[in-house]
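As you go down the protein sequences, you meet chains A and B in turn. All letters in the first sequence, in the order written, are residues 1 to 172 by the working numbering. All letters in the second sequence, in the order written, are residues 173 to 711 by the working numbering. Beta carbons are placed, not taken as given, at the ideal position from N, Cα and C, and that holds for glycine.
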Amino acid sequence: MTSSTELQYLDSLLEEEHTNADQVTQHYLTFSLGEEHYGIEIQCVQEIRSWESVTLIPNTPDYICGLLNLRSAIIPVVDLRLRFEMAKKDYNPTTVVIILKVNNEQRSTQRTVGLVVDAVSDADNINLGEMKPSPDFGEHVDTTYIRGLVSISGQMVMILDVDILLSVEALA
Amino acid sequence: MTDNETNQEIEASDIATKQTLPENQAEAIEQDDPAETVVWDIIFSPSSELLQLGSEPVQLFQALSTLGELKVSIDDAKLPAFSELDPTACYLSWHLTLSGEISEQQIKAVFEPVEAQCELSVERSISASSDEHDTDAKVNQESSQSPIMKAPSIAVEMDKVQALANLVGELVLTQSMLSHLSEQVPPTLLPKLTEGIAQLDRHARDMQKVIIQMSTLPISTIFDVLPKYVQDLSQASGKKVNVTTSGEQTELDKIVLEGIRNILENLVQSVLEYGLESPEQRQQVGKSETGTLHLNADHQAGHIIIEVSDDGAGLDTPNILQKAIEKGLVSATEKLSPHDIQNLIFEPGFSAADKVSDPLNKMGGSVEVASIAGRGTMFTLRLPLMMRIIDAQTIKVADQYYVLPLTAIIDSFEIDTKDIKPVSGKAELYPFRGDYIPILRLDKLFNLSPTMTGLEQRLLVVVAVQGQKAGLLVDDLMSQQQVVINSLETDYQKVLGFSGATIMGNGTVALILDIVGLMTLYKTPNPLKPYKSDRGSAG
Numbered sequence: 001m002t003s004s005t006e007l008q009y010l011d012s013l014l015e016e017e018h019t020n021a022d023q024v025t026q027h028y029l030t031f032s033l034g035e036e037h038y039g040i041e042i043q044c045v046q047e048i049r050s051w052e053s054v055t056l057i058p059n060t061p062d063y064i065c066g067l068l069n070l071r072s073a074i075i076p077v078v079d080l081r082l083r084f085e086m087a088k089k090d091y092n093p094t095t096v097v098i099i100l101k102v103n104n105e106q107r108s109t110q111r112t113v114g115l116v117v118d119a120v121s122d123a124d125n126i127n128l129g130e131m132k133p134s135p136d137f138g139e140h141v142d143t144t145y146i147r148g149l150v151s152i153s154g155q156m157v158m159i160l161d162v163d164i165l166l167s168v169e170a171l172a
Numbered sequence: 173m174t175d176n177e178t179n180q181e182i183e184a185s186d187i188a189t190k191q192t193l194p195e196n197q198a199e200a201i202e203q204d205d206p207a208e209t210v211v212w213d214i215i216f217s218p219s220s221e222l223l224q225l226g227s228e229p230v231q232l233f234q235a236l237s238t239l240g241e242l243k244v245s246i247d248d249a250k251l252p253a254f255s256e257l258d259p260t261a262c263y264l265s266w267h268l269t270l271s272g273e274i275s276e277q278q279i280k281a282v283f284e285p286v287e288a289q290c291e292l293s294v295e296r297s298i299s300a301s302s303d304e305h306d307t308d309a310k311v312n313q314e315s316s317q318s319p320i321m322k323a324p325s326i327a328v329e330m331d332k333v334q335a336l337a338n339l340v341g342e343l344v345l346t347q348s349m350l351s352h353l354s355e356q357v358p359p360t361l362l363p364k365l366t367e368g369i370a371q372l373d374r375h376a377r378d379m380q381k382v383i384i385q386m387s388t389l390p391i392s393t394i395f396d397v398l399p400k401y402v403q404d405l406s407q408a409s410g411k412k413v414n415v416t417t418s419g420e421q422t423e424l425d426k427i428v429l430e431g432i433r434n435i436l437e438n439l440v441q442s443v444l445e446y447g448l449e450s451p452e453q454r455q456q457v458g459k460s461e462t463g464t465l466h467l468n469a470d471h472q473a474g475h476i477i478i479e480v481s482d483d484g485a486g487l488d489t490p491n492i493l494q495k496a497i498e499k500g501l502v503s504a505t506e507k508l509s510p511h512d513i514q515n516l517i518f519e520p521g522f523s524a525a526d527k528v529s530d531p532l533n534k535m536g537g538s539v540e541v542a543s544i545a546g547r548g549t550m551f552t553l554r555l556p557l558m559m560r561i562i563d564a565q566t567i568k569v570a571d572q573y574y575v576l577p578l579t580a581i582i583d584s585f586e587i588d589t590k591d592i593k594p595v596s597g598k599a600e601l602y603p604f605r606g607d608y609i610p611i612l613r614l615d616k617l618f619n620l621s622p623t624m625t626g627l628e629q630r631l632l633v634v635v636a637v638q639g640q641k642a643g644l645l646v647d648d649l650m651s652q653q654q655v656v657i658n659s660l661e662t663d664y665q666k667v668l669g670f671s672g673a674t675i676m677g678n679g680t681v682a683l684i685l686d687i688v689g690l691m692t693l694y695k696t697p698n699p700l701k702p703y704k705s706d707r708g709s710a711g
């Protein structure tokens with residue numbers, strides 16, 4: 001879990017990363033789900049918020065938590081644990097919601113989606129040359145939304161493609 | 173072609189280049205230096221519904237004539253025989269010649285508002301003097317002689333106006349939230365805050381007014397043509413009628429305006445047919461031979477009110493009741509006020525339902541009738557000022573709040589459990605006005621775990637859509653207010669049973685129920701696998 005001061009620190013880091021966006025290596029935000037570590041392109045990250053209650057959307061998959069009022073925009077919030085069919089964890093004010101900008105397939109429109117994760121770790125520079133392709137797990141694990149694997153200070157981090165992970169089709 | 177025509181053509185380019193040159197030199201300039209002065213050949217072939225959609229070719233041509241020298245000629249080849257002519261359809265196409273320092277984009281921009289309703293060809297003229305339209309000069313003169321002087325204007329896409337309108341709608345909501353909060357702060361502590369909020373309130377409301385004005389037109393666009401329509405009808409029926417109007421400057425949303433035109437035509441048609449008596453009948457009861465039909469429009473609490481009143485015979489209340497009983501809309505034993513009976517004419521099976529109330533409901537509007545036998549009838553139409561703002565009823569189902577468009581609601585009452593009729597253990601019916609309507613248990617439909625155990629004290633909200641009635645079982649009715657409809661598709665996708673979502677006064681999101689979708693959901697239960705399931709057995 002992440003404390004609110006840490007959140008502020010990460011938010012300031014985010015701002016810094018956004019301003020340095022023209023550097024050669026790509027910047028990734030890393031976060032954890034239980035013992036697993038994931039990375040997403042920092043370009044997609046709009047902000048990091050703590051959990052607020054949402055409005056349920058009836059008859060949608062369980063990983064769609066509901067709708068959130070984000071400064072008068074009504075956005076869906078997705079629970080990544082449930083999306084990956086991991087055990088549900090109760091939400092509390094220290095639960096983290098990453099607000100992401102998701103492109104459609106043609107990259108012509110953008111949607112804003114909230115992603116519930118256990119904790120945000122850090123913002124890292126990742127050299128794309130070091131990224132290894134994800135092994136094929138066949139039917140066991142859907143890897144279409146895993147862009148590749150990298151190692152950060154000895155830990156394996158799965159780099160996610162949020163455009164595929166959170167596409168309209170994937171959320172239906 | 174004659175020499176005379178060639179001269180006209182050259183004159184045009186002379187004026188555009190503001191030079192006096194011999195004929196051949198003028199032509200040379202156009203060809204050598206096209207960046208300066210270009211002659212454009214424009215063929216504008218609008219679709220037949222152009223005029224019905226409220227666009228005026230004259231206005232387009234006036235806009236073009238501000239860019240450069242314009243010549244207009246009409247192609248009336250598609251004009252049908254007089255007997256087949258639909259006065260509201262557009263059969264004409266135009267050939268325009270425009271010269272001046274004009275880019276293709278500038279011309280296209282002028283036609284942008286009607287882009288979807290026309291075929292447009294914009295090409296650079298090969299030869300400035302190639303013209304065979306001998307009506308050019310005359311038409312050109314006509315168009316320049318009808319100067320409807322207007323304030324300078326720009327064409328803005330409706331989408332952009334709509335986006336701005338949405339933002340202002342939200343601003344108004346934010347403002348009301350702030351002012352709600354400020355009430356909890358002692359004004360002695362923060363006088364500046366309350367002052368600032370009052371100012372914000374004024375600005376937000378002013379802004380909303382301006383936005384609404386941007387996408388609105390006065391109702392006079394309809395009121396001006398209806399008297400003619402009525403006169404034509406009355407001549408055919410031998411009835412005499414005098415049409416008066418008031419409030420014709422009342423502005424309403426262009427989309428609403430388009431929808432209301434047909435409804436009003438249907439309404440005045442039935443007034444002439446059934447409401448007004450023949451001159452002889454009128455004389456017999458001591459009325460003047462000529463009947464009166466009055467149209468009035470007004471703003472009322474965020475709505476447009478349109479009243480259509482006549483001094484005719486009034487509605488035949490006993491006959492309406494008789495028909496309603498025959499159609500099974502009401503039972504013979506039911507006690508109804510004359511007002512209730514009169515408003516049955518908007519129920520399915522009566523022609524006023526198809527022609528007036530159904531299309532009106534679809535637009536978020538409603539209609540009511542009041543009539544006194546022998547004295548006359550008044551129809552009152554209520555329409556939302558803007559399509560995106562609706563009057564809504566907040567309902568509570570389990571621990572969730574939903575919003576229901578007020579126009580969909582017919583009645584609501586506490587459910588009497590002994591009146592529930594089970595159907596093969598799966599469905600439930602409830603008696604309502606001589607009919608049996610299905611009960612839609614919203615908590616089951618939405619897979620919510622019920623917070624109330626029994627059915628006692630729960631409410632049945634009777635809704636109607638497309639002639640079908642249903643009772644929505646809810647836990648409680650909360651406040652009524654205006655809400656701004658937000659599409660779910662902006663950041664998510666369509667959800668069956670909901671037409672959108674709105675942000676409530678306390679900042680939370682509430683889904684807006686879509687009755688048609690709810691009925692589909694009811695008929696095809698569990699379109700998705702059940703989940704979040706503590707799907708407790710309600711009741």
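- Between G677 of chain B and H375 of chain B, the CB-CB gap reaches or exceeds 8 angstroms.
- Inter-segment contact for the region 429-444 of chain B and the region 524-539 of chain B is present: three or more beta-carbon pairs are separated by less than 8 angstroms.
- At a cut-off of 8 angstroms between beta carbons, D663 of chain B contacts chain A.
- For secondary structure counted as the beta strand (DSSP E) over 3 or more consecutive residues, the region 585-618 of chain B holds these complete runs in sequence order: 593-595, 599-604 and 607-613.
- Between F670 of chain B and D686 of chain B, the gap from beta carbon to beta carbon is short of 8 angstroms.
- Nearest C-alpha to E52 of chain A among A:P58, A:P61 and A:C65: A:C65.
- Using a CB distance cut-off of 8 angstroms, A172 of chain A counts as an interface residue toward chain B.
- Between L444 of chain B and K412 of chain B, the C-beta gap is not smaller than 8 angstroms, which leaves the two residues out of contact.
- For P76 of chain A, the closest Cβ of chain B is nearer than 8 angstroms.
- Shown here, H466 of chain B sits in a strand according to DSSP, grouped into three states.
- Taking the Cα positions, Y38 of chain A is about 15 angstroms away from D163 of chain A.
- In the same chain as A327 of chain B, and ignoring 5 residues on each side of it, the C-beta atoms closer than 6 angstroms to its own belong to E284 and P285, in chain order.
- When C-beta distances to chain B are compared with 8 angstroms, every residue of the region 118-143 of chain A stays at or above that value.
- Annotation for L532 of chain B: the continuous alpha helix (DSSP H) segment containing it runs D530 to K534.
- For T388 of chain B, there is no enclosing alpha helix (DSSP H); the enclosing beta strand (DSSP E) covers residues T388 to P390.
- Taking a C-beta distance under 8 angstroms as the contact criterion, T260 of chain B and L223 of chain B qualify as a contact pair.
- The beta carbon of V78 of chain A is closer than 8 angstroms to those of Y63, I64, C65, V113, G114, L115, V116, L166 and L171 in its chain, skipping five residues each way along the sequence.
- The alpha-carbon separation between G548 of chain B and D483 of chain B amounts to approximately 4 angstroms.
- Only residues of its own chain outside the window of five on either side were considered, and among them G606 and D607 have a CB closer than 8 angstroms to the CB of G500 of chain B, listed in chain order.
- Counted as a single uninterrupted DSSP element, the beta strand (DSSP E) harbouring G672 of chain B occupies residues F670 to I675.
- At a cut-off of 8 angstroms between beta carbons, I675 of chain B contacts chain A.
- Following the DSSP letters along the chain, one finds L82 of chain A inside the alpha helix (DSSP H) bounded by residues L80 to R83.
- Check the Cα spacing between P510 of chain B and each of B:L429, B:T489, B:F518 and B:E256: the tightest is with B:T489.
- In the same chain as P390 of chain B, and ignoring 5 residues on each side of it, the C-beta atoms closer than 7 angstroms to its own belong to E420, Q421, T422 and E423, in chain order.
- Secondary structure note for I274 of chain B: it is in no alpha helix (DSSP H), with a DSSP letter that is neither H nor E.
- Closest in C-alpha terms to Y574 of chain B, from the list A:N125, A:T55, A:K88 and A:N104, comes A:T55.
- Counted as a single uninterrupted DSSP element, the beta strand (DSSP E) harbouring M650 of chain B occupies residues D648 to V656.
- The three-state secondary structure of M158 of chain A, taken from DSSP, is strand.
- Take V402 of chain B, set aside five residues on each side of it, and the residues of its chain with a beta-carbon closer than 8 angstroms to its own are V413, V415, V440, L444 and L465, in chain order.
- Scanning the region 399-457 of chain B from its first residue to its last, the whole alpha helix (DSSP H) runs of 4-plus residues come out as 426-442 and 451-456.
- With fewer than three CB-CB distances shorter than 8 angstroms, the region 329-337 of chain B does not count as touching the region 242-258 of chain B.
- Under the 8 angstroms criterion on CB atoms, S108 of chain A is classed as non-interfacial with respect to chain B.
- Close partners of L668 of chain B in chain A (Cβ separation under 8 angstroms): N59.
- Contact between the region 211-219 of chain B and the region 263-270 of chain B is present: three or more C-beta pairs spanning the two stretches fall below 8 angstroms.
- Proximity of chain A to T680 of chain B at the Cβ level (cut-off 7 angstroms) is accounted for by T55 and N69, in chain order.
- When DSSP states are grouped into helix, strand and coil, V117 of chain A belongs to the strand group.
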